[in-house]
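A.B. asks: Please read through the structure below; I'll follow up with questions.
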Amino acid sequence: MNTSRLPRLAAGIAVVALAIAGCSSPTPGAAAVLGDTRITETALTAQVQTVLTAQGKGLDTADAALTAQTLDRMVKSELVDMLATRAGIEITQGQIDAQMTEYDTQAGNRAEVEKIFLEQGIAPSQIPGVIVLNLQANALGLQLAPDADAEAQGQAVVKAITVLSELLETEVSPRYGTWDAATLQVGPAPNDLSSPPAG
């Protein structure tokens, strides 16, 4: 059975582009700030620890890549959710269940689905959130470019999120990285950021 599509489906939202405006530091205690919305360091840590627990790793395991990936997804989820709310898009539990069933069919069973997602740094309990994110993005694409093909719809969503991100002056705390304009993802922290003393 071909399961190669599943990782692409799970990670598909990564192509959604986000731009960052300004370079000032976010509010203390915030991992990211999107206008009046804050993603707290506590919330980010909880999400990362959920993945580490699912992977059978210690909660104190240092994993900068997982942290950056998780924050990247959290910021995109907030931006897409804002756009979806403004557009009157609501995702039902039935839609989430249907997508999960499709994943089960593609992978063969739920355990395999969870394994594939976990390999991408997404815990089983976080899968519904990823599904909502993808469904919202797809619905936005249909609204923004109803007569276009899937690729053009995706580009329309990218543009809408980029504009919103700029309007909100989205910022990521330097301790977690920076928005990389080339890859449109959370990249490494600035080289000129002083490293904290080893403790």
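Just so you know, we're using our numbering here: the sequence shown kicks off at 840 and counts up by one.
Don't be surprised by glycine CBs; every beta carbon is placed ideally from N, CA and C.
What did DSSP end up calling residue 991 once you bin it into helix, strand or coil?
C.D. replies: As a first step, residue 991 is located in the sequence shown; it is residue number 152 there, counting from the start. Helix at residue 991.
A.B. asks: Could you check how far apart the C-beta atoms of residue 961 and residue 890 are, in whole angstroms? I think they sit under 8 Å.
C.D. replies: Residue numbering aside, residue 961 sits at position 122 when the sequence shown is read from its first letter. Residue numbering aside, residue 890 sits at position 51 when the sequence shown is read from its first letter. Yes, they are in contact, since the Cβ atoms of residue 961 and residue 890 sit about 7 Å apart, within 8 Å.
A.B. asks: Less than 8 Å separating the beta-carbons of residue 878 and residue 935?
C.D. replies: Position 39 of the sequence shown, counting from 1, holds the residue named residue 878. Position 96 of the sequence shown, counting from 1, holds the residue named residue 935. Not in contact: residue 878 and residue 935 (Cβ atoms no closer than 8 Å).
A.B. asks: Do residue 923 and residue 978 have their CB atoms nearer than 8 Å?
C.D. replies: Position 84 of the sequence shown, counted from the start, is the residue given in the question as residue 923. Position 139 of the sequence shown, counted from the start, is the residue given in the question as residue 978. The answer is yes: Cβ separation under 8 Å.
A.B. asks: Leaving out the 5 sequence neighbours to the left and right, which residues in its chain are closer than 7 Å to residue 1003 when beta-carbon positions are compared?
C.D. replies: If you number the sequence shown from 1, residue 1003 lands on position 164. The answer, listed in chain order, is 918, 921 and 922.
A.B. asks: Tell me, please, which residues DSSP counts as bridged to residue 877.
C.D. replies: As a first step, residue 877 must be located in the sequence shown, where it is residue number 38. In DSSP, residue 877 forms a bridge with 872.
A.B. asks: Might you give, ordered along the chain, the residues of its own chain that have their beta carbon closer than 8 Å to the beta carbon of residue 938, omitting 5 neighbours on each side?
C.D. replies: Here residue 938 corresponds to residue number 99 of the sequence shown, with the count starting at 1. So the qualifying residues of the chain are 970, 973 and 974.
A.B. asks: Measuring alpha carbon to alpha carbon, tell me which residue in 1005, 992, 983 and 870 is nearest residue 927.
C.D. replies: For the purposes of this step, residue 927 is taken as residue 88 along the sequence shown, with counting starting at 1. That would be 983, whose Cα lies nearest to the Cα of residue 927.
A.B. asks: I need the DSSP call for residue 1010, collapsed to helix, strand or coil.
C.D. replies: In the sequence shown, counting from the first residue as 1, residue 1010 sits at position 171. Here residue 1010 sits in strand by DSSP.
A.B. asks: Does the separation of the CB atoms of residue 883 and residue 892 fall below 8 Å?
C.D. replies: For this step, residue 883 is matched to residue 44 along the sequence shown. For this step, residue 892 is matched to residue 53 along the sequence shown. Against a cut-off of 8 Å, the Cβ pair of residue 892 and residue 883 comes out as no contact.
A.B. asks: Ignore the nearest five residues each way along the sequence and tell me which others in residue 953's own chain have a CB closer than 6 Å to its CB.
C.D. replies: Here residue 953 corresponds to residue number 114 of the sequence shown, with the count starting at 1. Within the same chain, residue 953 has close Cβ partners 963.
A.B. asks: Within the continuous alpha helix (DSSP H) that includes residue 867, where are the two ends?
C.D. replies: As a working note, residue 867 is residue 28 in the sequence shown. Counting along the chain, residue 867 falls outside any alpha helix (DSSP H), and DSSP gives it neither H nor E.
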